[in-house]
Amino acid sequence: MGRSAMCEALDRIADAIVENHKDDAMMALVGIRTGGIHLARRLVSTMQERFAREVPIGTLDINLYRDDLVGRARQPVLRTTDIPFDVTDRNIVLVDDVLFTGRTIRAAMDGVMDLGRPARIQLAILVDRGHRELPIAADFVGRELVTTEKQMVKVRLQEEGHLTDAVIITS
16 MGRSAMCEAL DRIADAIVEN HKDDAMMALV GIRTGGIHLA RRLVSTMQER FAREVPIGTL
76 DINLYRDDLV GRARQPVLRT TDIPFDVTDR NIVLVDDVLF TGRTIRAAMD GVMDLGRPAR
136 IQLAILVDRG HRELPIAADF VGRELVTTEK QMVKVRLQEE GHLTDAVIIT S
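Taking the working numbering, I'd label the letters of the sequence shown as residues 16 to 186.
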């Protein structure tokens, strides 16, 4: 998936989120570090430009909530969680780049729930590649890709220093 396909996918996601939250002043986006942060910013920018919709945005570091920390020799690198609004009674849309096993999303939900009790948590994903290990499904999907479990799906963004936006599948 190249830059134009990625932009189209993000536009579709933004359209669907706005349609789903027409009169919802309590909706906010939370980008999951690191892949979801830039995508959440792009979605907020698109909503602002196309719909004149101001949407609060936050970022979430899930490292302490991961379930694969047991047995690791190194301690997780902790980064900043910045959610400048109360999540209680809000409709939170978690944003990430790739949905695979569902474990990252489970950790993100735990992180949000530690900050309060949202009215609802939804999920916006650029790429859904299947192969779930947990019963998690995205509410807003840019593109579904058929992959094997062993393949890697990487999202490259200009904001992260890459020359162009791309989704790359490697073996």
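All C-beta atoms in this analysis are idealised placements derived from N, C-alpha and C, irrespective of residue type, glycine included.
Round the Cβ separation of residue i and residue j to the nearest angstrom and send it over; I've been treating them as touching at under 8 angstroms.
i           : j           : result
residue 154 : residue 139 : 7 angstroms
residue 168 : residue 144 : 5 angstroms
residue 158 : residue 24  : 5 angstroms
residue 77  : residue 47  : 6 angstroms
Tell me whether residue i is buried or exposed, calling it buried when 16 or more other Cβ atoms sit within 10 Å of its Cβ.
i           : result
residue 185 : exposed
residue 103 : exposed
residue 36  : buried
residue 172 : buried
residue 183 : exposed
residue 178 : exposed
residue 79  : exposed
residue 59  : buried
residue 150 : exposed
residue 170 : buried
residue 99  : exposed
residue 45  : buried
residue 161 : exposed
Is it the case that the Cβ atoms of residue i and residue j are separated by a distance below 8 angstroms?
i           : j           : result
residue 116 : residue 147 : yes
residue 142 : residue 51  : no
residue 43  : residue 105 : yes
residue 127 : residue 75  : yes
residue 61  : residue 26  : yes
residue 122 : residue 81  : yes
residue 57  : residue 33  : no
residue 73  : residue 101 : no
residue 134 : residue 21  : no
residue 164 : residue 53  : no
Mapping DSSP to helix, strand and coil, what is residue i?
i          : result
residue 45 : strand
residue 97 : strand
residue 17 : coil
residue 77 : coil
Exercise for the section: Could you pull out every unbroken beta strand (DSSP E) segment of at least 3 residues lying fully inside the region 102–186, listed in chain order? Expected result: 106–114, 135–143, 155–159, 167–171, 181–185
Handout entry: beta strand (DSSP E) segments (min. 3 residues) lying fully within the region 24–72
Key = 42–47
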